[in-house]
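In this text, residue positions in the sequence shown follow UniProt numbering: the first is 1, and each later residue adds one. All residues carry an ideal CB built from backbone N, CA and C; glycine is no exception. Everything below concerns the one structure shown next.
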Amino acid sequence: MALVLKIFSPLVKVLRLADGEKIPSLGFIYGEILVAKNSIKEATDQIERNYEPIIKIIDEKMKGRLDTPLHIAAYFLNPFYFYKNTGIYDMEVMQAFISCVETFYYGDFDKQNEVVNQEVQQYRNKSGYFGMPLAQKGCEKNDGKFDPGPVGSTTQASRVRALYDDDFESEEEDGGDMEFEDDEDPVFRDNGFMVSEFDLDKRGYGVDV
1 MALVLKIFSP LVKVLRLADG EKIPSLGFIY GEILVAKNSI KEATDQIERN
51 YEPIIKIIDE KMKGRLDTPL HIAAYFLNPF YFYKNTGIYD MEVMQAFISC
101 VETFYYGDFD KQNEVVNQEV QQYRNKSGYF GMPLAQKGCE KNDGKFDPGP
151 VGSTTQASRV RALYDDDFES EEEDGGDMEF EDDEDPVFRD NGFMVSEFDL
201 DKRGYGVDV
């Protein structure tokens, strides 16, 4: 029984986050799934034959739902994870991030280059606003009392919401067995340079990396 609790507790935490209302979940879902996987591995003493079937089920359930380029990019742009994980610059994460940039700034190659090669470096090096003491303090913990303000109060917020809703269309059409509340990403909204010129009407957002 103790082992079962150790395995399922991290998964319950992820589900409560996805279906909860305390904080906007988009920027945290993918990161907490990674945390849950590591917790499961530790609970099974890192024995591959014990944790591999569980991890496989998790990957199958989240595929195309919770591991879209938007979810991964939100994880990448969440300072709570970014500045704690030195290995965040892996191929999968960067491909997802670039995919989102290409969609957000479709056809604007100058802007894509600016975001990927300049603004991300500022983010990585904590330059400008990212280096302010208040910003650095805010990266230290996940604040469950965070209030993002009225949802959908700006065009920018509604565009993020529309993009997020589109990620779940396939699940709704298939009558999927998992349902999650829509929510917007505070990191995307706060870092306005990433979302200020969304033009979703020009191109549909796909979930393939």
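> CA-CA distance, I88 and I98?
Replying inline: The count along the sequence shown starts at 1 and reaches residue 88 at position 88. The count along the sequence shown starts at 1 and reaches residue 98 at position 98. Those two C-alpha atoms are separated by around 14 Å.
> What distance in whole Å lies between the Cβ atoms of Y30 and H71, which are believed to be in contact at a cut-off of 8 Å?
Replying inline: The residue labelled residue 71 in the question sits at position 71 within the sequence shown. The residue labelled residue 30 in the question sits at position 30 within the sequence shown. Confirmed, about 5 Å.
> Secondary structure at K61, three-state DSSP: helix, strand or coil?
Replying inline: By 1-based counting over the sequence shown, the position of residue 61 is 61. Note: K61 maps to helix in three-state DSSP.
> Would DSSP call T68 helix, strand or coil?
Replying inline: Your numbering for residue 68 matches position 68 in the sequence shown. It is coil, neither helix nor strand.
> Grouping DSSP H, G and I as helix and E and B as strand, with all else coil, what is D110?
Replying inline: As a first step, residue 110 is located in the sequence shown; it is residue number 110 there, counting from the start. Helix, per DSSP.
> Which of the three DSSP states, helix, strand or coil, is assigned to N125?
Replying inline: On the sequence shown, residue 125 is found 125 positions in, with the first residue counted as 1. If DSSP states are grouped into helix, strand and coil, N125 belongs with the helices.
>> Could you check whether A36 and L5 sit closer than 8 Å to each other, using their CB atoms as the reference points?
In response: Within the sequence shown, the letter at position 5 stands for residue 5. Within the sequence shown, the letter at position 36 stands for residue 36. Cβ distance not < 8 Å, so L5 and A36 don't count as in contact.
> Skipping 5 residues on each side, what residues in its chain have a beta carbon closer than 7 Å to that of F76?
Replying inline: By 1-based counting over the sequence shown, the position of residue 76 is 76. Excluding residues within five positions, the ones whose Cβ falls inside 7 Å are F82, I88, V93, F97.
>> Excluding the 5 residues flanking V101 on each side, which residues of the same chain have their C-beta closer than 7 Å to its C-beta?
In response: To locate residue 101, count along the sequence shown from 1; it is residue 101. Answer for V101: Q112, V115, V116, listed in chain order.
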